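**Q**
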Amino acid sequence: MKTLNGRELAAAIRAQAGAEAAAGPQPRLAVVVATADEASLWYVRSIAKAAAGVGIACDVVDLGPDASPDQIGETLSRLSADPNVHGLMLQTPLPAGASAQELAIAIDPRKDVDGANPLSLGRLAAGLPAFAPATAAAVLALLDHYEVELRGRRAVVVGRSTVVGKPLAHLLLDRHATVTVAHSRTRDLASVTVTADVLVAAVGRAGLIGADHVAPGAVVIDVGTNPTDDGGLTGDVDFEAVSHVAGALTPVPGGVGPVTTALLLRHTARAANLP
Ligand code: NAP
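Mapping of the sequence shown onto our numbering: residues 8 to 282, in sequence order.
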């Protein structure tokens, strides 16, 4: 079984982002935050640190956990109109009553480096150029890096969120995979996932995918990040059990996560260089 290492690939993508950032005016990413959630704030700090490492400026606009939807929307509109901001993202979770999808409409699609505006998802579905959500793009980047054939192969995506499962299904379809999307109402999940040549778990339930869910030799990508009691992270896939069946598998942490952050930076560098 091959472990698909995301850290190596992330370093290569960050190097590309750095080279692209150096080729034009300094790119600037703005991250709008309205939460006190520690894991989320940690993630934003890690983006800012990675951005600094590749010469991308990163402004964290922290509105606090009591921000109103109007305040968040106005902030996104202002940053969308600011010519000095090239990439713009809205961090979740948001305060009760605020909908990320509704608010993301205010993000200019040309700055929508995390593919959050429903217009970006629509363009992706229509096969038009758009920024894909960085996590969905990270799954494709890992599959490409490890030269996993997609054309004509059966891909099963478990999870249908607008940030991961749905955009990923479109990206895989574009690459000529035969795509099935499973979710919480799917009956007998294992009977579906076991048909996959490429299986992606994007659910948020530790250990949901066991050895019985995986066909021998399948490539398994674990998007799930579930906190463990000891303060660490674990995926949706039971790594130990599945490693005896799968042909290749991403670890958590160290798989999709680092590639996601690196791609956000590359998207920002590209947004800054858009004609
Ligand atoms: P989400 O919005 O909660 O969506 C979860 C999806 O899983 C839903 O479509 C849900 O189905 C489905 N689901 C729930 N229980 C299921 C079950 N028992 N069997 C099959 N499907 C089930 O989550 P998300 O935002 O897509 O995130 C998914 C996971 O990825 C989380 O662990 C998150 O932390 C992680 N994540 C990681 C990264 C990264 O960079 N590594 C980035 C983003 C997210 P329904 O639609 O029917 O409810």
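Idealized CB from N, CA, C, for every residue including glycine. Please read all numbers here as calculations on a predicted model, not as lab measurements.
1) With distances taken Cα to Cα, identify the nearest neighbour of P32 among T10, A17, P90, K9.
2) Just tell me which of A74, A28, V205 has its CA closest to the CA of R161.
3) What do you reckon, is the C-beta of G217 under 8 Å from a heavy atom of the ligand NAP?
4) With 16 as the cutoff for other CB atoms within 10 Å, does M96 come out buried or exposed?
5) Leaving out five residues on either side along the sequence, give the residues of the same chain with a beta carbon under 6 Å from the beta carbon of A43.
6) For I112, which residues in the same chain have their Cβ closer than 7 Å to its Cβ, ignoring the five residues on either side in sequence?
7) What residue range does the alpha helix (DSSP H) around A144 cover?
8) Kindly indicate the opening and closing residues of the beta strand (DSSP E) around L36.
9) Are there three or more Cβ pairs, one per stretch, closer than 8 Å when the region 269–278 is compared with the region 13–21?
10) Closer than 8 Å: is that where the CB of L196 sits relative to any heavy atom of the ligand NAP?
11) On the DSSP bridge assignment, give the partners of I112 in chain order.
12) List the DSSP bridge partners of L95.
13) Looking only at DSSP bridge pairs, what is R161 linked to?
14) What is the residue span of the alpha helix (DSSP H) that D77 lies within?
15) At the level of alpha carbons, what is the spacing between S191 and G166?
**A** Let's see:
1) P90
2) When each option's Cα is compared against that of R161, the closest is V205.
3) Not so, every heavy atom of the ligand NAP lies at least 8 Å from the Cβ.
4) buried
5) P72
6) Closer than 7 Å at Cβ, skipping near neighbours: N124, P125.
7) 141–152
8) 35–40
9) By the Cβ criterion, the region 269–278 is in contact with the region 13–21, since at least three pairs of Cβ atoms, one from each stretch, lie closer than 8 Å.
10) yes
11) The partner list for I112 (beta bridge, DSSP) is empty, contrary to what the question assumes.
12) A37
13) T185
14) 76–88
15) A straight-line Cα-Cα distance of about 8 Å links S191 and G166.
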